[in-house]
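**Student:** Be aware that the sequence shown starts at 15, since it is given in the numbering used here, and climbs by one per residue.
Glycine is no exception: its CB is placed at the ideal position from the N, C-alpha and C atoms.
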Amino acid sequence: FGEDDLNLQDWIEWSQACTRAAEKFGITREQVLYVWENNEMPQAGSSLVVKSYVHPPPFKLIHQNLWRCPKHKDSVSPEAKLESNYNRKYKGSRMCDLNHAMFVECEASECSAGAGCRNQRLQRQIYPKCKVIFTQKKGFGLAACVGVKKGTLIQEYVGEIIDRTEWERRIKDYTDKTPVYFFSLVNDLFIDASSYGSLARFMNHSCSPNCCAQKWQVGSETRVGIFAAMDIAEGEEFTYDYMFESFGSLGHKCYCGSENCTGYMGNKGI
Numbered sequence: 015f016g017e018d019d020l021n022l023q024d025w026i027e028w029s030q031a032c033t034r035a036a037e038k039f040g041i042t043r044e045q046v047l048y049v050w051e052n053n054e055m056p057q058a059g060s061s062l063v064v065k066s067y068v069h070p071p072p073f074k075l076i077h078q079n080l081w082r083c084p085k086h087k088d089s090v091s092p093e094a095k096l097e098s099n100y101n102r103k104y105k106g107s108r109m110c111d112l113n114h115a116m117f118v119e120c121e122a123s124e125c126s127a128g129a130g131c132r133n134q135r136l137q138r139q140i141y142p143k144c145k146v147i148f149t150q151k152k153g154f155g156l157a158a159c160v161g162v163k164k165g166t167l168i169q170e171y172v173g174e175i176i177d178r179t180e181w182e183r184r185i186k187d188y189t190d191k192t193p194v195y196f197f198s199l200v201n202d203l204f205i206d207a208s209s210y211g212s213l214a215r216f217m218n219h220s221c222s223p224n225c226c227a228q229k230w231q232v233g234s235e236t237r238v239g240i241f242a243a244m245d246i247a248e249g250e251e252f253t254y255d256y257m258f259e260s261f262g263s264l265g266h267k268c269y270c271g272s273e274n275c276t277g278y279m280g281n282k283g284i
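#1: Given F197, which residues of its chain have a CB within under 7 Å of its CB, disregarding the five upstream and five downstream residues?
#2: Could you pull the start and end residues of the alpha helix (DSSP H) that R178 belongs to?
#3: Rounded to the nearest angstrom, what separates G277 and P223 at their Cα positions?
#4: Run through DSSP, which three-state label would L75 get?
#5: In this structure, how does DSSP classify S263 when only helix, strand and coil are distinguished?
#6: Check this for me: beta carbons of C110 and A122, under 8 Å apart or not?
#7: Can you tell me which of Y210, E182 and G249 puts its alpha carbon nearest to the alpha carbon of V162?
#8: According to DSSP, is A31 helix, strand or coil?
#9: Taking the alpha helix (DSSP H) that Q150 falls in, what are its first and last residues?
#10: Cβ of A35 within 7 Å of any heavy atom in the ligand COA?
#11: With distance defined between alpha-carbon atoms, name the residue in A157, Q137, E119 and C225 nearest to M257.
#12: For the stretch 112-122 against the stretch 146-156, are there 3 or more C-beta pairs whose distance is under 8 Å?
#13: Per DSSP, T253 is paired with what?
#14: How is K38 classed by DSSP in three states: helix, strand or coil?
#15: Using alpha carbons as the reference points, say which of T189, A115, Q78 and A36 lies closest to Q137.
#16: With contact counted as at least three CB pairs below 8 Å, one residue from each stretch, are the stretch 207-218 and the stretch 152-159 in contact?
#17: How far does the alpha helix (DSSP H) with Q231 in it reach, from first residue to last?
#18: So S234 and F73 are in contact, right, with Cβ under 8 Å, and what is the actual spacing, rounded?
#19: Let me know the secondary structure DSSP gives A115 once reduced to three states.
#20: In whole angstroms, what is the alpha-carbon distance linking I185 and G130?
#21: Report all residues from its chain with a CB closer than 6 Å to the CB of E174; omit the five preceding and five following residues, and keep chain order.
#22: Using DSSP bridges, identify the partner residues of A158.
#23: Classify V160: buried if its beta carbon has 16 or more other beta carbons within 10 angstroms, exposed otherwise.
#24: Indicate the three-state DSSP secondary structure (helix, strand or coil) for G165 in the structure shown.
#25: Would you mind sorting I168 into buried or exposed? The rule is 16 or more other CB atoms within 10 Å of its CB.
#26: How big is the Cα-Cα spacing for G201 and D255?
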């Protein structure tokens, strides 16, 4: 799936195809899915286990964060407060470089470099073409449709911005099998891409990732970009280290398959 055609209709058609195959060959839908996942027929009388990602829960594709709580009055970082001083002192690319070094994006209305500014990537949302894929053990993933150079912005991680109280309410019934789309932001704020999100929500964790997540100050908001940490070839899956923060005693297993895989997605508690 690409960003333009990622919708429920694709999954509906896939489900209908499974039903037609089951009817044609006189087997159950579960047997069809088992054959698709394992490339072999199940043994008679065996208990069939098919992965839940075949029928993923629906979500709405969005391109900017949805605030579900009041914005903090003090959400502007000290670095962002200094930006206006740099604007007065420096001009053009020099100012852009200084802002970039502090993970602060230039504001279009303030930057003297104008259209030539190279430090407005999250605001301009120019991403390399990518596609959603199925993986053997990790469910959905996101892969490159073209070669990507190191430092390229792959996607912005967006979703619903919630406070800690709402975050605690939402995770109350989570288990170690529940897909997690939370991203710790700043000042007890979290991004939840479970129901609303960008294609970044499909990126899987890896203990040897080819991408990294960075928090950037854009105006008065902190935003998260996923950037290529190295050159990435066409067809390669995008991955980054979740720096996973476990929920209490829950531990989410890692299936990245890298040589230095720890077996779990981090062990830091919130």
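**Tutor:** With the structure as the only source:
#1: Its chain contains Y171, F204, I205 and V238 as the residues whose beta carbon lies nearer than 7 Å to that of F197, once the 5 sequence neighbours on both sides are disregarded; these appear in chain order.
#2: From DSSP, the alpha helix (DSSP H) with R178 extends over R178 to I185.
#3: When rounded, the distance between both Cα atoms is 14 Å.
#4: In the structure shown, L75 sits in a strand (DSSP, three-state: E or B).
#5: With a pLDDT of only 49 at S263, under the threshold of 50, the placement of this residue in the model should not be trusted, and no figure is reported.
#6: Judged by their CB atoms, C110 and A122 are not nearer to each other than the 8 Å cut-off.
#7: Considering only alpha carbons, the answer is G249.
#8: When secondary structure is reduced to three states using DSSP, A31 falls in the helix class.
#9: First-last for Q150: undefined, no H or E at that position.
#10: The ligand content of the structure shown is nil, which means the ligand COA is not present either.
#11: Nearest to M257 by alpha-carbon distance, out of A157, Q137, E119 and C225, is C225.
#12: Cβ pair count under 8 Å is below three, so no.
#13: Paired residue(s): N218.
#14: The answer is helix: DSSP assigns K38 an H, G or I state.
#15: Considering only alpha carbons, the answer is Q78.
#16: Because the criterion of three Cβ pairs below 8 Å is met, the stretch 207-218 and the stretch 152-159 touch.
#17: Unbroken run through Q231 is the beta strand (DSSP E), C225 to V232; no alpha helix (DSSP H).
#18: About 27 Å separates the Cβ atoms of S234 and F73, ruling out a contact at the 8 Å cut-off.
#19: Helix, per DSSP.
#20: One C-alpha to the other measures close to 44 Å.
#21: Sequence-distant partners of E174 (beyond 5 residues in either direction) whose C-beta falls short of 6 Å from its own C-beta, in its chain, are L80, R82, D206 and Y210.
#22: DSSP, once it has assigned bridges, lists C144 as partnering A158.
#23: Flag for V160 reads exposed.
#24: Note: G165 maps to coil in three-state DSSP.
#25: It is buried - the Cβ of I168 has at least 16 other Cβ atoms within 10 Å.
#26: As written in the sequence, residue 201 is Asn, which differs from the Gly given in the question. Approximately 21 Å, taken between the alpha carbons.
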